[in-house]
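Colleague: The numbering used here applies: residue 236 is where the sequence shown begins, and numbers increase by one.
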Amino acid sequence: MNSQETISKTNTSPQASATSIKDILRSIVVLFKLRVVILLVLSSLGGALIASDGKVSLSALGLLLGTGILSSAGASAINQYLERSSDALMRRTLNRPLAAGIVSNPKAILGIAISFIAIAIGLALLFGNPALALFLALGAAIYIGIYTVWLKPRTLLNIVIGGAAGSCAVLSGSAAAGNWSEPGAITLALLVFIWTPTHFWSLAMAFRDDYSRAGVPMLPTVVSDQATAWWIALHTGATSLIALLLAVHPQLGLIYFIPIAIATLWMASHSIRLITHPDQKQAFKVFKISNLYLGLVLIFIYIGTLV
Numbered sequence: 236m237n238s239q240e241t242i243s244k245t246n247t248s249p250q251a252s253a254t255s256i257k258d259i260l261r262s263i264v265v266l267f268k269l270r271v272v273i274l275l276v277l278s279s280l281g282g283a284l285i286a287s288d289g290k291v292s293l294s295a296l297g298l299l300l301g302t303g304i305l306s307s308a309g310a311s312a313i314n315q316y317l318e319r320s321s322d323a324l325m326r327r328t329l330n331r332p333l334a335a336g337i338v339s340n341p342k343a344i345l346g347i348a349i350s351f352i353a354i355a356i357g358l359a360l361l362f363g364n365p366a367l368a369l370f371l372a373l374g375a376a377i378y379i380g381i382y383t384v385w386l387k388p389r390t391l392l393n394i395v396i397g398g399a400a401g402s403c404a405v406l407s408g409s410a411a412a413g414n415w416s417e418p419g420a421i422t423l424a425l426l427v428f429i430w431t432p433t434h435f436w437s438l439a440m441a442f443r444d445d446y447s448r449a450g451v452p453m454l455p456t457v458v459s460d461q462a463t464a465w466w467i468a469l470h471t472g473a474t475s476l477i478a479l480l481l482a483v484h485p486q487l488g489l490i491y492f493i494p495i496a497i498a499t500l501w502m503a504s505h506s507i508r509l510i511t512h513p514d515q516k517q518a519f520k521v522f523k524i525s526n527l528y529l530g531l532v533l534i535f536i537y538i539g540t541l542v
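1. Spatial neighbours of L275 within its chain, please: CB distance less than 7 Å, with the 5 preceding and 5 following residues excluded, ordered by chain position.
2. Tell me which same chain residues have a C-beta within less than 8 Å of the C-beta of V271, skipping the five on either side of it?
3. On the three-state DSSP scale, how would you describe G413?
4. Kindly indicate which three-state DSSP category R508 falls into: helix, strand or coil?
5. Out of L438, G398, T471, L391, point me to the one whose CA is closest to A375's CA.
6. Figure out for me which residue from D460, P432, I354, F362 has the closest Cα to the Cα of A372.
7. In the DSSP assignment, the alpha helix (DSSP H) including N314 goes from what residue to what residue?
8. Looking at I429: is its Cβ nearer than 8 Å to the Cβ of T474?
9. On the criterion of 16 or more Cβ atoms from any shown chain inside 10 Å, does G488 qualify as buried, or is it exposed?
10. If we ignore side chains and look at the alpha-carbon of each, how far apart do I349 and I313 end up?
11. Considering H470, what are the terminal residues of the alpha helix (DSSP H) in which it resides?
12. Return yes when the Cβ of L391 is within less than 8 Å of the Cβ of V457, no when it is not.
13. Spatial neighbours of T540 within its chain, please: CB distance less than 7 Å, with the 5 preceding and 5 following residues excluded, ordered by chain position.
14. What did DSSP end up calling Q517 once you bin it into helix, strand or coil?
15. Where does V264 land, buried or exposed, given buried means 16+ other C-beta within 10 angstroms?
16. With DSSP run on the structure shown, which of helix, strand or coil describes A334?
17. Where does P418 land, buried or exposed, given buried means 16+ other C-beta within 10 angstroms?
18. Can you tell me the Cα-Cα spacing of I538 and Y491, whole angstroms?
19. Where do the ends of the alpha helix (DSSP H) carrying K342 lie?
20. So, at 8 Å on beta carbons, what are the nonlocal neighbours of H470 in its own chain, with the 5 sequence-adjacent residues on each side left out?
21. Are I467 and S504 closer than 8 Å when you measure CB to CB?
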């Protein structure tokens with residue numbers, strides 16, 4: 236069975252073929268969570284640059300990007316395979332390819348996803364970087380086994396611990412650069428770990444009814460909106476402190492600190508507003524701002540280490 240048969244059935248008219256190709260590409264983007272993959276790869280790039288003072292080799296970057304994309308995409312597809320039934324109950328996710336039944340052979344996607352992870356780990360070992368292989372494997376194992384299978388359906392602490400998968404992305408970057416335990420990279424990994432609950436709790440607060448309908452015990456489905464807002468603010472504060480602490484890294488300094496301090500005030504103000512206005516609209520604003528905040532941290536890490 237070819238890839239078009241796996242994802243959809245098409246007719247032979249030119250217009251239908253063009254539409255079909257567009258639909259297939261859209262399904263691939265959603266199925267492998269390519270937007271999330273991009274954020275994880277950018278995080279790994281931040282880890283590589285800060286661990287190498289911006290002097291990471293092109294070959295190491297190529298290996299990191301290739302293995303990071305494969306591993307992250309594979310883990311994301313397995314997550315959707317395992318959650319396809321609950322995704323079908325949630326307004327936000329019911330149109331995902333597996334949840335909507337667009338994919339005619341879900342097990343084929345599972346096989347492809349497992350192959351992606353195996354190839355990524357194999358490439359890291361083949362090119363003599365066992366530390367990179369370890370963090371790729373650990374990130375996938377945490378996201379699939381610990382978060383998706385074990386914690387997410389059982390406890391409101393699911394994303395608190397599941398955030399370690401994002402930390403592994405950062406450490407895979409520093410491992411690719413040959414210095415996985417560099418203090419700046421460890422600090423960035425900690426930042427991603429602490430940032431993750433703010434990101435997901437604000438999203439879950441905005442789509443609380445979805446998670447309740449699917450029986451997923453995210454924090455906003457278990458405690459009040461006011462309590463959720465306070466927990467988000469707590470993690471926002473911790474994230475901000477760690478982000479500002481990164482400025483002491485020799486390669487960063489004021490070129491990093493000034494813009495991140497401004498971004499921190501912006502994010503903190505919206506987090507505080509969520510406490511006074513704990514509604515879905517403000518929660519979704521905090522979710523979007525948290526994405527932008529991490530993106531800005533990474534951008535100014537790139538600038539600081541490369542300039």
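Don't be surprised by glycine CBs; every beta carbon is placed ideally from N, CA and C.
Modeller: In short, the structure shows the following:
1. Within the sequence shown, residue 275 is the residue found at index 40, counting from 1. Answer for L275: G303, S307, G401, A404, listed in chain order.
2. In the sequence shown, residue 271 corresponds to position 36, counting from 1. Excluding the 5 residues flanking it on each side, V271 has same chain C-beta neighbours closer than 8 Å at S307, S311, in chain order.
3. Reading the sequence shown from its first residue, position 178 is the one you call residue 413. The answer is coil: DSSP assigns G413 none of H, G, I, E or B.
4. Taking the sequence shown and counting its residues from 1, the one referred to as residue 508 is at position 273. When secondary structure is reduced to three states using DSSP, R508 falls in the helix class.
5. The sequence position of residue 375 within the sequence shown is 140, counting from 1. Nearest of L438, G398, T471, L391 to A375, Cα basis: G398.
6. One-based indexing of the sequence shown puts residue 372 at position 137. Comparing Cα positions, the closest option is I354.
7. Along the sequence shown, read from residue 1 onward, the residue named residue 314 stands at position 79. N314: member of the alpha helix (DSSP H) spanning 293-317, first to last residue.
8. On the sequence shown, position 194 is the one that residue 429 refers to. On the sequence shown, position 239 is the one that residue 474 refers to. Their beta carbons are under 8 Å apart, which means I429 touches T474 by this criterion.
9. Counting from one through the sequence shown, the residue named residue 488 turns up at place 253. Under this definition G488 is an exposed residue.
10. The residue labelled residue 349 in the question sits at position 114 within the sequence shown. The residue labelled residue 313 in the question sits at position 78 within the sequence shown. Taking C-alpha positions only, I349 is separated from I313 by approximately 8 Å.
11. By one-based count along the sequence shown, residue 470 stands at place 235. Looking at the DSSP string, the run of the alpha helix (DSSP H) that includes H470 is 460-480.
12. Counted from its first residue, the sequence shown places residue 457 at position 222. Counted from its first residue, the sequence shown places residue 391 at position 156. It is a contact, given that the beta carbons lie within the stated cut-off.
13. Here residue 540 refers to the residue found at position 305 of the sequence shown. Apart from the 5 residues on each side of it in sequence, T540 sits with its Cβ closer than 7 Å to the Cβ of L284, I285, D288, G289, Q486 in its chain, given in chain order.
14. One-based indexing of the sequence shown puts residue 517 at position 282. DSSP places Q517 in helix when its eight states are reduced to three.
15. Mapped onto the sequence shown, residue 264 falls at position 29. Answer is exposed; the Cβ neighbour count stays below 16.
16. Stepping through the sequence shown from its first residue, residue 334 is reached at position 99. Correct three-state label for A334: coil.
17. Locating residue 418 in the sequence shown gives position 183, where the first residue counts as 1. By the Cβ neighbour-count rule, P418 is exposed, with fewer than 16 other Cβ atoms within 10 Å of its own.
18. Your numbering for residue 538 matches position 303 in the sequence shown. Your numbering for residue 491 matches position 256 in the sequence shown. For I538 and Y491, the gap between their C-alpha atoms comes out near 8 Å.
19. Translated into the one-based positions of the sequence shown, residue 342 becomes position 107. Note, K342: alpha helix (DSSP H), 341-361.
20. On the sequence shown, position 235 is the one that residue 470 refers to. In chain order, I429, W430, P432, T433, W436 place their CB closer than 8 Å to the CB of H470, counting only its own chain and leaving out the 5 sequence neighbours on each side.
21. Translated into the one-based positions of the sequence shown, residue 467 becomes position 232. Translated into the one-based positions of the sequence shown, residue 504 becomes position 269. Not a contact, by the Cβ cut-off of 8 Å.
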